[in-house]
Structures are given as structure tokens and as C-alpha cells.
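Visitor: Numbering (the working numbering), first residue to last: 27 to 222.
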Ligand SMILES: C[S@@+](CC[C@H](N)C(=O)[O-])C[C@H]1O[C@@H](n2cnc3c(N)ncnc32)[C@H](O)[C@@H]1O
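1. Cβ of residue 170 within 7 angstroms of any heavy atom in ligand 1?
2. Whole beta strand (DSSP E) runs in the region 146-214 with 3 or more residues, listed along the chain?
3. If you measure from the CB of residue 89, is any heavy atom of ligand 1 nearer than 7 angstroms?
4. Could you tell me which of 57, 109, 65 sits nearest to residue 141, measuring between CA atoms?
5. Starting from the C-beta of residue 185, find all residues in its chain whose C-beta is less than 8 angstroms away, skip the five residues before and the five after it, and write them out in chain order.
6. Got a sec? Which residues, its chain only, sit under 7 angstroms from residue 40 by beta carbon, not counting five neighbours each side?
7. Do residue 164 and residue 222 come within 8 angstroms of each other at the CB atom, strictly closer than that value?
8. From what residue to what residue does the alpha helix (DSSP H) around residue 122 run?
9. Hey, quick one: how far does the beta strand (DSSP E) through residue 46 stretch, first residue to last?
10. Measuring only from the beta carbon, is residue 86 closer than 7 angstroms to any heavy atom that is part of ligand 1?
11. Evaluate the contact criterion for the region 127-140 versus the region 53-62: three or more CB pairs, one atom per stretch, below 8 angstroms.
12. For residue 66, which residues does DSSP report across the bridge?
13. For residue 88 and residue 95, what's the separation of their Cα atoms in angstroms?
14. Counting C-beta neighbours from all protein chains within 10 Å, is the total for residue 70 16 or more, i.e. buried, or is it exposed?
The structure is reproduced here in C-alpha cells:
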């Protein structure tokens with residue numbers, strides 16, 4: 027007789043669960059991952075669970091409120107030992123983290139429940155994405171959730187799309203994943219894998 031195994035079945039409501047599904051399949055215990063935009067800490071917690079006790083997660087945010095909330099969330103989950111939170115912009119990734127990194131997550135836009143005028147911006151997102159590629163191990167992945175709908179979101183969308191479109195296919199698999207049956211300015215996912 028086959029014993030049924032409880033397998034979590036994700037609800038693919040929006041790009042964030044899709045990014046988690048893909049990232050989870052790419053991470054291994056002991057890996058290093060970066061949450062480039064901690065916000066309320068949900069992505070940092072997801073990465074901390076995915077890398078296991080021997081893994082390491084680096085989390086960045088420019089807002090102290092986000093760092094504090096993320097710290098609270100990972101501490102409550104008992105995972106703070108594997109998480110290093112940095113109150114600094116992701117455009118300074120290389121000042122804090124050394125290669126190799128298996129995953130970098132970006133969840134762009136503003137802090138939900140926070141100040142909506144503090145948003146990720148193309149002039150800092152672009153160097154952060156470049157630095158992420160420099161840190162990625164072969165087969166490592168970069169997952170970027172884009173929110174075109176808010177003020178400033180469309181400019182950032184165009185910049186990030188241009189950046190992703192010119193990545194050399196010899197070096198990177200660059201994907202765009204958008205849900206069909208939603209508004210045209212709904213959030214969606216860009217996913218980049220460094221070739222082995
Ligand atoms: C959509 S929220 C992130 C959501 C988050 N990942 C979560 O799980 O709740 C975007 C975050 O990016 C942060 N941010 C904006 N510019 C940044 C920068 N240059 N470097 C790092 N974080 C930045 C904002 O402060 C905000 O908290």
C-alpha cells in the first residue's frame with residue numbers, strides 16, 4: 027500500500043507564489059540567498075526556510091521599519107541565526123555579500139502598509155541587478171516581481187525589461203512570466219538563470 031505524503035499545493039495567485047515555486051526548486055540545503063527588498067519579511071522567511079539550518083540569507087532594505095518587521099518575523103520562526111539583515115540599499119550588495127549566491131529575490135515597489143512614496147527606483151534597481159548577476163553561482167537564479175501599476179512603476183518596468191531583454195542567451199536564460207487573465211498593469215515575474 028502507498029502511504030499518501032502531504033505535499034503543499036501552491037495557489038498561483040500572482041507572481042510571488044510563482045517566484046517561490048521556482049526558487050524553491052532551485053535552492054538546496056546549505057545555499058546562500060539574498061532578499062534584496064525585505065519589506066514585511068515574507069520573502070526573507072521563505073528563503074530562510076528553503077536554505078535550511080546550514081544555509082545563509084542576506085536581507086536588504088532602506089527602511090528601518092522593514093528591517094525591524096523582518097527581524098521580528100524570522101525570530102518568531104526561530105530562524106534568525108541563518109539570516110543577516112542589512113539596513114542599506116541593494117545597490118550596495120557587493121559591499122556586504124561575496125559570491126557564490128544561488129538566489130536573489132527582488133519584490134519591487136513600495137512597502138505594503140508603509141509609506142507609498144518610498145519605492146524602488148530604476149537608478150538603484152539596475153546596479154543591484156548587475157551586482158546580483160556578478161554574485162550568482164552557475165545555475166543560480168534571480169527572481170524579480172515587477173509592479174507596473176503604482177506611480178513610478180511603469181518607468182521601473184521599462185528599465186528592468188530593457189535590462190532583461192539584452193542579457194546574452196549564451197550566459198543567461200531570461201524569462202518573462204505574466205498571468206493572462208488579469209489587468210494589463212498587474213504585477214508579473216522576470217526570472218533569470220545563469221547558465222551552468
Ligand atoms: C514590495 S516591498 C517588498 C516586500 C517583501 N519582500 C515582503 O516579503 O514583504 C519593497 C521594499 O523595497 C524597499 N526598497 C526600496 N528601495 C530599496 C533599495 N534601494 N534597496 C533595498 N530595498 C529597497 C522598500 O523599502 C520596501 O520595503
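Backbone N, C-alpha and C fix where the C-beta goes; we use that ideal spot for every residue, glycine too. In this text, all values refer to a predicted model and were calculated from it rather than measured experimentally.
Guide: In short, the structure shows the following:
1. Indexing the chain shown from 1 puts residue 170 at position 144. Flag unset: Cβ of residue 170 not near ligand 1.
2. 162-172, 198-203
3. Position 63 of the chain shown holds residue 89. In this structure, ligand 1 has a non-hydrogen atom nearer than 7 angstroms to the beta-carbon of residue 89.
4. One-based indexing of the chain shown puts residue 141 at position 115. Comparing Cα positions, the closest option is 65.
5. In the chain shown, residue 185 corresponds to position 159, counting from 1. Counting only residues of its own chain and dropping the five nearest sequence neighbours on each side, residue 185 has a CB closer than 8 angstroms to the CB of 148, 151, 152.
6. Position 14 of the chain shown, counted from the start, is the residue given in the question as residue 40. Same-chain partners within the cutoff: 213.
7. Against the chain shown, residue 222 aligns to sequence position 196. Against the chain shown, residue 164 aligns to sequence position 138. Cβ distance < 8 angstroms, so residue 222 and residue 164 count as in contact.
8. Along the chain shown, one-based indexing puts residue 122 at 96. Counting along the chain, the unbroken alpha helix (DSSP H) around residue 122 starts and ends at 119-122.
9. On the chain shown, position 20 is the one that residue 46 refers to. From DSSP, residue 46 is part of no beta strand (DSSP E) but of the alpha helix (DSSP H) over 41-52.
10. By 1-based counting over the chain shown, the position of residue 86 is 60. Yes, the beta carbon of residue 86 sits closer than 7 angstroms to at least one heavy atom of ligand 1.
11. yes
12. Reading the chain shown from its first residue, position 40 is the one you call residue 66. For residue 66, which the question treats as bridged, DSSP gives no partner whatsoever.
13. Residue mapping note: residue 88 aligns to position 62 of the chain shown, counting from 1. Residue mapping note: residue 95 aligns to position 69 of the chain shown, counting from 1. Whole-angstrom Cα-Cα distance: 13 angstroms.
14. Position 44 of the chain shown, counted from the start, is the residue given in the question as residue 70. The residue in question, residue 70, is buried, as its Cβ has 16 or more Cβ neighbours within 10 Å.
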